[in-house]
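Protein chains in written order, with the working numbering: chain A, 89 to 368; chain V, 11 to 326.
Comments concern the structure below.
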Amino acid sequence: MGWFKRKKENISPDSKKTDIPDGQWSKCEDCGEIIHNKQLEFNTWVCPKCSYHFRIGSEQYISIIFDKSSFKEYDKKMRSGDPLEFTDTKKYTDRVTATIKKSGLNDAVKTGVGKIEGKKAAFACMDFGFIGGSMGSVVGEKIARIIDVAYEEKIAMIIISQSGGARMMEGAFSLMQMGKTSARLARLADAKLPFISVLTDPTTGGVTASFAMLGDVIIAEPKALIGFAGPRVIKQTIGRDLPEGFQRSEFLLENGFLDFIVSRKQLKEKLSLMISYLTN
Amino acid sequence: MAKNVLDFEKPIIELENKIEEMRKYEGHLDISDEIKTLEEKVLQLKKNIYDNLTRWQRVQLARHPERPYTLDYIYMITENFVELHGDRLFKDDHAIVGGFASLDEYKVMIIGHQKGRDTKSNLFRNFGMPNPEGYRKALRLMKLAEKFGKPVIAMLDTPGAYPGLEAEQRGQAEAIARNLLEMSRLRVPIIITIIGEGASGGALGIGIGDRILMLQNTWYSVISPESCSSILWRSWDYKEQAAESLKLTAEDLLEQKIIDRIIPEPLGGAHKDHQVMANRLKAVLKEELAALIKVKPDKLVQNRLEKFGKMGVFQE
Chain A
89 MGWFKRKKEN ISPDSKKTDI PDGQWSKCED CGEIIHNKQL EFNTWVCPKC
139 SYHFRIGSEQ YISIIFDKSS FKEYDKKMRS GDPLEFTDTK KYTDRVTATI
189 KKSGLNDAVK TGVGKIEGKK AAFACMDFGF IGGSMGSVVG EKIARIIDVA
239 YEEKIAMIII SQSGGARMME GAFSLMQMGK TSARLARLAD AKLPFISVLT
289 DPTTGGVTAS FAMLGDVIIA EPKALIGFAG PRVIKQTIGR DLPEGFQRSE
339 FLLENGFLDF IVSRKQLKEK LSLMISYLTN
Chain V
11 MAKNVLDFEK PIIELENKIE EMRKYEGHLD ISDEIKTLEE KVLQLKKNIY
61 DNLTRWQRVQ LARHPERPYT LDYIYMITEN FVELHGDRLF KDDHAIVGGF
111 ASLDEYKVMI IGHQKGRDTK SNLFRNFGMP NPEGYRKALR LMKLAEKFGK
161 PVIAMLDTPG AYPGLEAEQR GQAEAIARNL LEMSRLRVPI IITIIGEGAS
211 GGALGIGIGD RILMLQNTWY SVISPESCSS ILWRSWDYKE QAAESLKLTA
261 EDLLEQKIID RIIPEPLGGA HKDHQVMANR LKAVLKEELA ALIKVKPDKL
311 VQNRLEKFGK MGVFQE
C-alpha cells in the first residue's frame, strides 16, 4: 500500500503557526490573531479582531497622542545613580547599564511638553520595559520637574502610568519619590491646574499609591491590571483564588476609582476634550 | 522575661541568669566581688553586641514583641488623650489609632499604627496593617487638627498596608496617595517618628512631615527584607543580605539625608526600658515642636515641598 504513503509531515492546526518572521508580524496575546505590524501601528497597537491592547512604550504613546512633531522631550539624559551601591544577584549599576543598552531608554519615564489638537500639555509616560517601569530617583525627579513645568506654564499635566511599583534597588529613596511627586501635585492642584492620570497595564504598588491615583480625572485602558498589592501577594495573604477580573480596569470602574475607561483609539480625542473642560 | 529572646541576645541573657542565680547565695557566701565582675562583663558584652548589630538584627529589634507601641507612648508621654474613631465613610480601622492629647503645654493630634501584643490583640489590630479606612481616618484627624491649629505627631510602626482583597476593592492605593498629597499641604506642623517598622507605602501613608525622626533600632524602606529577598533572589532565604543591600537602618537613613534625627534607645533596645525610651522621645518631640510652631503655615508647606524635593540621587 506504499502508493498512498504521505511523504510530507501532516498539516495540523497548531503546528508552526507561531513561526513568524521577526519584526514583521505580531501575534495577539488574547485571541492569537496574526497582525501585520503596519496594520497594528495604524490601529494604535490594538488588536483589530478582539480589541486587545498590546503593551506599548512612551515612544508609541507620544506618537498616538501628540500633534505631529509637536513634542519636545525634557531631561532626556537623566540617569540613575546608585545611592545604596545595591547588589542582589547582580549589581544594580550593571542592571541599569544592560537595560539602557537593551531598551534604548535612559530610565522608566519620558517627560516633555507637546500639543494635543493644538492644546499645550505637560506630559510624562512610563515604560514598563525599563526594570518593570519601576520608580526610583530618576522617575520621581523627572515627574516632579515636569509637574513644575505645568505649574509654571499654567498648562495641563498628563501622566501615563505603567509600572510594577517603586524600585527596590534604591531603597528608601524610591519610597520618598511617592512623597516628592504627590507634594508637587498638591501645589499644581492649589493653582487650579488640571492633572489627568491615565492608567495602563500594569499600574501597581508605589506608583498607584501616589501620583497615578491623584488625577482630577483618572482614566484607564481596558483590562489593565491596577492595584496596590500584586495579585500573587493578595492570593497568598487570603489563601484563596481571586475572582475573575479582580484589579482590572472594569473592576476599578465598578468600585468607583476610575472616571471612565478609554480605548486607545480614542485616547487623544478624550484627552483633548478633558483638557478643554478642565481649563478656564 | 526569657520568652522573647532573639538569637544574638542569648549570651547576654545567659550571663544575666547566672548573676541572678548567684544573688540567691549572696547572703550566705561572700561573692559580691564576683557578681560585680560578672556585671561588668555583661555590660561590656551588651555594648559589644549592640554596637555591632547587623542590619538584619536591627530589623529583628524593630519587631521585638515587647517594644513600646503607639498607644504605650501616648499613655507614657501625654495626658488627657481622647481617642477619636472612624473614617466617617466605612468603619473604624484598629490598625491605626489617633486622637487629641496634651504633651505638657502642647495640645496635639497624635496618630500612629498600632500593633497587638498577643494573638487576640494582634487579630484585633490586624498586626498593625491598615486597610484604606485606617488611612482615611488618619486623614480626617489631620484635617481636624489643621482646622483647629493643632500640630500633628505621627508614629510609624507597620509591616505594611494590608494586602487584602477588600482593601484593594476599597482603594488602598487611593487612600495612601490621597494622604501623601494632603499631608504635603497640611497647614500645621507634622512630626514623623518611626518607632518600629517603616514598611513601604503603608508607613509613608501617614509619613509626610516637617521633621522625620527614627528611634535607633528601627527600619524604614521601600520593601521588607523578606519580600525583597523573594522578588530579587526568588527565595525567602536571603533576608539578611536583602537587609544589608537595602540600607534601611536609622543610621543609613540619616546618612541618606532622608531623616533628620536619630533618637537613641536604651542599651539593648526600647523594650528594655519603656519609660526611659518614652522620656527621650518626649523631650525630642517637645524640642521639635517648639521650633516648628514658630514657622508660618505658608513657609511650613513650602519647606515640606522642598524637603521631599531634595530626596533622590541621579546623574544629569
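We treat Cβ as the ideally placed atom computed from N, Cα and C, and that holds for glycine.
- Interface flag for A/L263 against chain V is set, since a Cβ pair is found closer than 8 Å.
- Taken atom to atom, the span from the alpha-carbon of V/R195 to that of A/A277 is near 11 Å.
- When rounded, the separation of the alpha-carbon atoms in V/Q67 and V/F18 is 8 Å.
- Interface annotation, V/V294: not in contact with chain A, CB-CB separation never under 8 Å.
- For V/L223, the enclosing beta strand (DSSP E) starts and ends at 221 to 225.
- For the pair V/L242 and A/P171, the Cα-to-Cα distance works out to about 18 Å.
- Taking 4 residues as the shortest admissible run, the region 113 to 177 of chain A contains the following complete alpha helix (DSSP H) segments, listed from N- to C-terminal end: 125 to 130, 146 to 153.
- In the structure shown, A/M223 adopts extended strand secondary structure according to DSSP, grouped into three states.
- Close to chain A, meaning a Cβ-Cβ distance shorter than 7 Å, are the following residues of the region 254 to 266 of chain V: S255, L256, K257, L258, L263, Q266.
- Taken in chain order, the complete beta strand (DSSP E) segments of 3 residues or longer contained in the region 86 to 129 of chain V are 89 to 93, 106 to 113, 116 to 123.
- A/E338 is outside the set of residues whose beta carbon lies under 8 Å from a beta carbon in chain V.
- Look at V/D167 here: in three-state DSSP terms it is strand.
- Straight-line measurement puts the Cα of V/A111 at about 46 Å from the Cα of A/Y180.
- Cβ-Cβ separation between V/M139 and V/A171: approximately 6 Å, consistent with a contact (criterion under 8 Å).
- Comparing alpha-carbon positions, the option among A/V226, A/I235, A/L355, A/F130 lying closest to A/A271 turns out to be A/I235.
- DSSP, read as helix, strand or coil, puts V/F18 in helix.
- In this structure V/V92 is exposed. Its beta-carbon is surrounded by fewer than 16 other beta-carbon atoms within 10 angstroms.
- For V/W66, there is no enclosing beta strand (DSSP E); the enclosing alpha helix (DSSP H) has its first and last residue at 65 to 72.
- When only Cα atoms are considered, V/G96 and V/G144 end up about 8 Å apart.
- Ranked by Cα distance from A/K137, the options A/R143, A/K207, A/L128 are led by A/L128.
- Taking C-beta atoms under 8 Å as the contact rule, V/Y230 and V/G208 qualify, at a distance of about 3 Å.
- A/V184: member of the alpha helix (DSSP H) spanning 180 to 191, first to last residue.
- For a cut-off of 8 Å, the C-beta gap from A/A297 to V/A187 is around 5 Å, short enough to register as a contact.
- For V/T203, same chain residues with a beta-carbon under 6 Å away, outside a window of 5 residues either side, are M165, L223 in chain order.
- Assignment of V/Y230 by DSSP, reduced to helix, strand and coil, places it in the strand class.
- Sequence-distant partners of V/D247 (beyond 5 residues in either direction) whose C-beta falls short of 8 Å from its own C-beta, in its chain, are S239.
- Short of 7 Å from the beta carbon of V/A253, and not among the five residues preceding or following it, lie these beta carbons of its own chain, in chain order: R65, W66, V69, P235.
- Identification of chain V residues near A/M256 by a Cβ-Cβ cut-off of 8 Å yields V232, I233, C238, I241, L242, L256, ordered along the chain.
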